[in-house]
């Protein structure tokens with residue numbers, strides 16, 4: 004399967020290892036644990052009025068959703084630094100923008116998925132309005148994105164460099 008830059012998630016080796024370990028836990032021990040909870044609750048009797056059973060089934064649903072999310076994320080993940088060829092904004096880069104061309108009104112953020120997020124710097128998804136607006140733009144280029152009220156905002160890309168944790 005060919006991957007486009009839109010569906011690739013750039014992860015550090017550490018982030019990849021953490022997500023892989025979470026997937027292995029949810030697919031193995033955690034899955035067995037929730038199955039045992041459901042079986043124990045089922046033995047308590049009438050399922051229509053069994054709060055423990057319904058809570059365990061809801062927990063199972065959330066857990067299985069997370070397994071699917073992690074599986075898809077790891078299938079599309081690339082470990083290492085995001086490509087920097089051409090000096091264009093790409094996922095895995097720290098981007099500095101100026102709002103409406105005002106170089107005193109700037110924002111610096113990491114363009115990445117939440118799994119790559121850092122507590123040190125604000126993170127925007129490449130699929131967010133701002134992220135998709137600047138993704139692929141070169142330094143000095145203008146970009147537009149849609150605000151929640153439907154209006155367009157303009158920004159200028161001032162800097163884009165690979166993220167170093």
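Residue numbers (my numbering): 4 to 168.
All C-beta atoms, glycine included, are put in the ideal place defined by N, C-alpha and C.
What would DSSP say about residue 137, mapped onto helix, strand or coil?
helix
Would you decide whether residue 17 is buried or exposed? Buried here means 16 or more other CB atoms lie within 10 Å of its CB.
exposed
Name the residue from 115, 135 and 14 whose alpha carbon lies nearest to the alpha carbon of residue 80.
14
In whole angstroms, give me the CA-to-CA distance for residue 88 and residue 51.
Reliability of the predicted coordinates at residue 88 is poor, the pLDDT of 49 falling under 50, and no value is obtained from them.
Straight-line CA distance for residue 164 to residue 91?
Residue 91 has its alpha-carbon roughly 9 Å from the corresponding atom of residue 164.
Over what stretch of residues does the alpha helix (DSSP H) that includes residue 35 continue unbroken?
32-45
Pull up the DSSP beta-bridge partners for residue 107, would you.
Answer is none; residue 107 lacks a bridge partner.
Is DSSP giving residue 88 helix, strand or coil here?
Any reading at residue 88 is ruled out, since the residue's pLDDT is 49, under 50, leaving its predicted position unreliable.
Of the choices 123, 77 and 101, whose alpha-carbon is the least far from that of residue 27?
The option with the nearest alpha carbon to residue 27 is 77.
How would you write the range of the beta strand (DSSP E) that residue 148 sits in, first residue to last?
First-last of the beta strand (DSSP E) with residue 148: 145-149.
When the Cα of residue 37 is compared with those of 138, 159, 59 and 46, which residue comes out closest?
When only C-alpha atoms are compared, the closest one is 59.
What are the complete beta strand (DSSP E) segments, minimum 3 residues, inside the stretch 45-83?
80-82
Could you tell me which of 100, 54 and 107 sits nearest to residue 156, measuring between CA atoms?
100
Does DSSP classify residue 127 as helix, strand or coil?
strand
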